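Accompanying notes for the structure given below.
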Amino acid sequence: MNQDISLINASSAIRAIYDEYAAMLLGYIFEVVKDKNIAEQYLVSVFNELPEHLNDITQPGVNIYHRLQLLARKLLTDFFETIPACNIVNDNLPDLPIRPNKFLDRMSKEELFIFCSVYYSGKRIGTLATELNKPQDEIKKILQQAFAVIRKAT
Numbered sequence: 000m001n002q003d004i005s006l007i008n009a010s011s012a013i014r015a016i017y018d019e020y021a022a023m024l025l026g027y028i029f030e031v032v033k034d035k036n037i038a039e040q041y042l043v044s045v046f047n048e049l050p051e052h053l054n055d056i057t058q059p060g061v062n063i064y065h066r067l068q069l070l071a072r073k074l075l076t077d078f079f080e081t082i083p084a085c086n087i088v089n090d091n092l093p094d095l096p097i098r099p100n101k102f103l104d105r106m107s108k109e110e111l112f113i114f115c116s117v118y119y120s121g122k123r124i125g126t127l128a129t130e131l132n133k134p135q136d137e138i139k140k141i142l143q144q145a146f147a148v149i150r151k152a153t
């Protein structure tokens, strides 16, 4: 960064960090969740948590972007924990056993099907909409509800 963040007040530091790193971090999160609105919600969560970690992040020699990624990964852990519970049949992935999962267990069957189909089987929303005979907007809404279940389950 162009300025020494450790020498400015907390709100200015957060703003400077946001201005410098938010776009890159949003891109990183988007690559994980594959949905712009959900990625933006996770980005907001990272920056809501940032004040608690500001002293550590603004120390001289600390890679700020790396620390922001670590915060994002912490928040995305719940998302990653759903992977083994989706029984994925995919050429690139082994057939995984279905096991209890606190996140997926709280989803409706429809949310579970759409979530696993999009994120672990790689189906497009348009394809699912056709398969389920539903509008794409409804599929997107159900997918967002599935993410809300994951966020609320923690």
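Just so you know, we're using numbering that gives the first Met the number 0 here: the sequence shown kicks off at 0 and counts up by one.
Where a beta carbon is used, it is the ideal one built from N, C-alpha and C, also for glycine.
Quick caveat: nothing in here was measured; it's all calculated off a predicted structure.
- Taking 8 angstroms as the cut-off, the beta carbon of residue 45 is found closer than this to the beta carbon of residue 70.
- Burial state of residue 34 is buried, judged by a 10 Å Cβ sphere holding 16 or more other Cβ atoms.
- Going by DSSP, residue 55 is part of the alpha helix (DSSP H) stretching over 35 to 56.
- Residue 106 sits close to residue 148, with the two beta carbons spaced by under 8 angstroms.
- The criterion of a C-beta distance shorter than 8 angstroms is not satisfied by residue 21 and residue 49.
- Under the DSSP assignment, residue 125 falls in the alpha helix (DSSP H) whose first and last residues are 124 to 131.
- Between the C-alpha atoms of residue 134 and residue 150 there is a straight-line separation of about 25 angstroms.
- Within the model, the alpha-carbon separation for residue 116 versus residue 25 is close to 23 angstroms.
- The C-alpha of residue 30 is placed about 28 angstroms away from the C-alpha of residue 11.
- In this structure, DSSP gives residue 60 a state outside helix and strand, which the three-state scheme calls coil.
- For the pair residue 140 and residue 37, the Cα-to-Cα distance works out to about 11 angstroms.
- Going by beta carbons, residue 138 and residue 145 fall outside the 8 angstroms limit.
- The Cβ-Cβ distance between residue 63 and residue 13 does not fall below 8 angstroms.
- The C-beta of residue 76 has fewer than 16 other C-beta atoms within 10 Å across all chains shown, which makes the residue exposed.
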